[in-house]
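**Q** These protein sequence lines map, in sequence, to chains D and V.
Under the numbering used here, read the first sequence as residues 1 to 130, first letter to last.
Under the numbering used here, read the second sequence as residues 1001 to 1336, first letter to last.
Built from N, CA and C at the ideal position, the CB exists for glycine as well.
Here it is, the structure, as structure tokens.
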Amino acid sequence: MTNQQNNQPTTRPGKARTNATVVPVFLASAAIFTLLAGLLGVQVANGQDPLLGAKKPEVVQKSLILRKVIKTKKIVTIVEAPSGSSAASGSSPTYASSGGGGGGTSYSAPAQTYSAPVQSAPAPVQTAAS
Amino acid sequence: MTSAPTSDVVDRALELMGTHIRILVGEPTGPAVGSPEDAADRVEAFLNVYNETMSRFRPSSELSRLNEDEREEIPASPLMCSAIAAALSAAEQSDGLVDPTLLGELEDAGYREHWKAENRVELREALADYRPKPSPAGVAQASRWREISVDEAAGIIRRPRGVRIDTGGTGKGHAADLAGELLAGFKTWAVDCGGDVRIGGTSGAEREVQVLGAFGDGQIETMTVRGGAVATSGLSSRIWRNAEGKSAHHLIDPATGQPAFTGLVAATAAAPTAVEAETLAKVALLKGPAAAASVLSRFGGITVDEEGNVERIGQLEAAPRVTITMPSSKSTKGSQ
Chain D
1 MTNQQNNQPT TRPGKARTNA TVVPVFLASA AIFTLLAGLL GVQVANGQDP LLGAKKPEVV
61 QKSLILRKVI KTKKIVTIVE APSGSSAASG SSPTYASSGG GGGGTSYSAP AQTYSAPVQS
121 APAPVQTAAS
Chain V
1001 MTSAPTSDVV DRALELMGTH IRILVGEPTG PAVGSPEDAA DRVEAFLNVY NETMSRFRPS
1061 SELSRLNEDE REEIPASPLM CSAIAAALSA AEQSDGLVDP TLLGELEDAG YREHWKAENR
1121 VELREALADY RPKPSPAGVA QASRWREISV DEAAGIIRRP RGVRIDTGGT GKGHAADLAG
1181 ELLAGFKTWA VDCGGDVRIG GTSGAEREVQ VLGAFGDGQI ETMTVRGGAV ATSGLSSRIW
1241 RNAEGKSAHH LIDPATGQPA FTGLVAATAA APTAVEAETL AKVALLKGPA AAASVLSRFG
1301 GITVDEEGNV ERIGQLEAAP RVTITMPSSK STKGSQ
């Protein structure tokens, strides 16, 4: 018991030493933090964010030569004789661009006319039970 | 009457083979092909020959003579051999549902002579008068078609004595397919043999196929076809009252030998050829609503049931490159 009472004062000088070393350590840590933060800030500002990895080497773009090819198309529209039922009625249609007459079922190359294309599609057909 | 300009130079309609025929021919790919008019003439002449050869109503036709022949091996023309081979192919593909040996049953149902339009009964009226409980058609036990063979090289058809043949709808599809071969050099063409439509052309242009309703309700769907075939099989065109006053029609259930009432009144099928389309359409109709979707799913198709409900089946974009555009319809339901 007596020994315990004697030992108590010996702890006070130690505590004083601890308080004395806190301030320099704190200042040193703050300085190191500020330095590192500053360096990091500079690095990020230069586009070298360490989280994004090393900066990729810039791709040297090759010059691209574009050649413009202009094709000229002539749209040839064959003007047809009006379609319709022919054989059933006994008429004799011709397949030519020139109008009129008829006169036989011979096929001759139609005269070519240059004009805007006519939007014509095949005629519809029907299916039903028969 | 004016109409929109079309790429078809010839649009010819005629009555033949007991039905309506339409021949459409566009521009030729070159002068060597000949004129569309001449090509249409060739097709028309061919279809006349086909009719004269294959009509069961003409006693002088090759088919009638074959059916009356007592021999089991009968010499036959190349056209006859080809037509019977097509009918057997349809029977094979349908496992016997499309049976070319049901002529006796068809005659017993009342279809003995050329179809007369005045005998036709309106479908809705016929169904109201007589509508047995719908059931899928089945295969005939006898399967007489399996006993028929064609030697196209030798020009001989073999069949047991007494087995008579009727190519029926398959014949129309076969005629359309062969007619199409005569139009190979044209940019657009179509041959419609009573609703069995074969479509082609070097241009690959799309042609609209209007599917007409079974109840006289006009156009119910529209298909757009670049090449291939579309065919419809249905009750409405040839339905009559038999001697007992009951409704009868020309689509015979091979299992019963009676007109088939399966719940469907029409089926439309797309396929690469008109024979295939006709076969698929008839099989779908004979199998009824429950199985029609699986029959038509490959190339696509449309069914109409006894209530008039229209069902679209499949994507309709297989080998014949078919697409379908659907008008908005309350009665239309999609299916895959």
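Hey, how far is the Cα of ARG1071 of chain V from the Cα of GLY1162 of chain V?
**A** If you take the alpha carbons of ARG1071 of chain V and GLY1162 of chain V, they lie about 9 Å apart.
**Q** Going by C-alpha to C-alpha distance, which of V:ARG1241, V:VAL1275, V:VAL1139 and V:GLY1257 sits closest to GLU1118 of chain V?
**A** The option with the nearest alpha carbon to GLU1118 of chain V is V:ARG1241.
**Q** Answer yes or no: does any C-beta atom of chain V fall closer than 8 Å to that of ALA128 of chain D?
**A** Cβ-Cβ to chain V under 8 Å: yes for ALA128 of chain D.
**Q** Tell me where the alpha helix (DSSP H) around MET1223 of chain V begins and ends.
**A** Where MET1223 of chain V is concerned, there is no enclosing alpha helix (DSSP H), although the beta strand (DSSP E) it sits in stretches over 1219-1225.
**Q** If we ignore side chains and look at the alpha-carbon of each, how far apart do VAL1225 of chain V and ALA1175 of chain V end up?
**A** Rounded to the nearest angstrom, the two C-alpha atoms are 19 Å apart.
**Q** May I ask which residues mark the beginning and end of the beta strand (DSSP E) holding HIS1114 of chain V?
**A** From DSSP, HIS1114 of chain V is part of no beta strand (DSSP E); its letter is neither H nor E.
**Q** Tell me, to the nearest whole angstrom, how far the beta carbon of GLY1204 of chain V is from that of ALA1271 of chain V; I am working on the premise that it is less than 8 Å.
**A** About 18 Å; that fails the 8 Å criterion.
**Q** Using the DSSP secondary-structure output, state which residues sit across from LEU1024 of chain V in a beta bridge.
**A** DSSP output for LEU1024 of chain V lists V:ASP1011 and V:ALA1190 as bridge partner(s).
**Q** Am I right that ALA129 of chain D and SER1055 of chain V are in contact with their C-beta atoms under 8 Å? What's the rounded C-beta distance?
**A** 20 Å between Cβ atoms; not a contact.
**Q** I believe GLU1152 of chain V touches ALA1085 of chain V by the beta-carbon criterion, under 8 Å. Please report the beta-carbon distance rounded to the nearest angstrom.
**A** With a Cβ gap of about 6 Å, GLU1152 of chain V and ALA1085 of chain V count as contacting.
**Q** Beta-carbon separation of VAL1121 of chain V and SER1247 of chain V under 8 Å?
**A** Contact: yes.
**Q** Apart from the five residues on each side of it in sequence, which residues of its chain come closer than 7 Å, Cβ to Cβ, to VAL1025 of chain V?
**A** Once the five neighbours on either side are set aside, the close Cβ partners of VAL1025 of chain V are ASP1008, VAL1009, VAL1010, PRO1036, ALA1039, ALA1040, LEU1183, PHE1186 and TRP1189.
**Q** Beta carbons nearer than 7 Å to chain D: which residues of the segment 1268-1279 of chain V have them?
**A** Listed in sequence order: THR1268.
**Q** Would you call the segment 1108-1116 of chain V in contact with the segment 1214-1222 of chain V, where contact means no fewer than 3 C-beta pairs closer than 8 Å?
**A** No, because fewer than three Cβ pairs between the segment 1108-1116 of chain V and the segment 1214-1222 of chain V fall closer than 8 Å, the two stretches do not touch.
**Q** Determine whether the Cβ of PRO50 of chain D lies closer than 8 Å to any Cβ atom of chain V.
**A** By this cut-off, PRO50 of chain D is not an interface position.
**Q** Give a yes or no on whether 8 Å exceeds the smallest Cβ distance from LEU1024 of chain V to chain D.
**A** True, the Cβ-Cβ gap to chain D drops below 8 Å.
**Q** Just the Cα atoms here: how many angstroms apart are SER1149 of chain V and PRO1254 of chain V?
**A** So the two alpha carbons sit approximately 20 Å from each other.
**Q** DSSP puts VAL1211 of chain V in a beta bridge; with which residues?
**A** Answer is D:THR127 and V:GLU1221, bridged to VAL1211 of chain V.
**Q** Touching or not, the segment 1124-1141 of chain V and the segment 1093-1106 of chain V, by the rule of three or more beta carbon pairs under 8 Å?
**A** Enough Cβ pairs lie closer than 8 Å, so yes.
**Q** Given this structure, state the Cα-to-Cα distance separating ARG1158 of chain V from GLU1073 of chain V, to the nearest angstrom.
**A** If you take the alpha carbons of ARG1158 of chain V and GLU1073 of chain V, they lie about 4 Å apart.
**Q** Within the 8 Å Cβ cut-off, does THR1303 of chain V reach chain D?
**A** It does not: the Cβ of THR1303 of chain V has no partner Cβ on chain D nearer than 8 Å.
**Q** Taking the DSSP output, what are the residues bridged to SER1237 of chain V?
**A** DSSP output for SER1237 of chain V lists no bridge partner at all.
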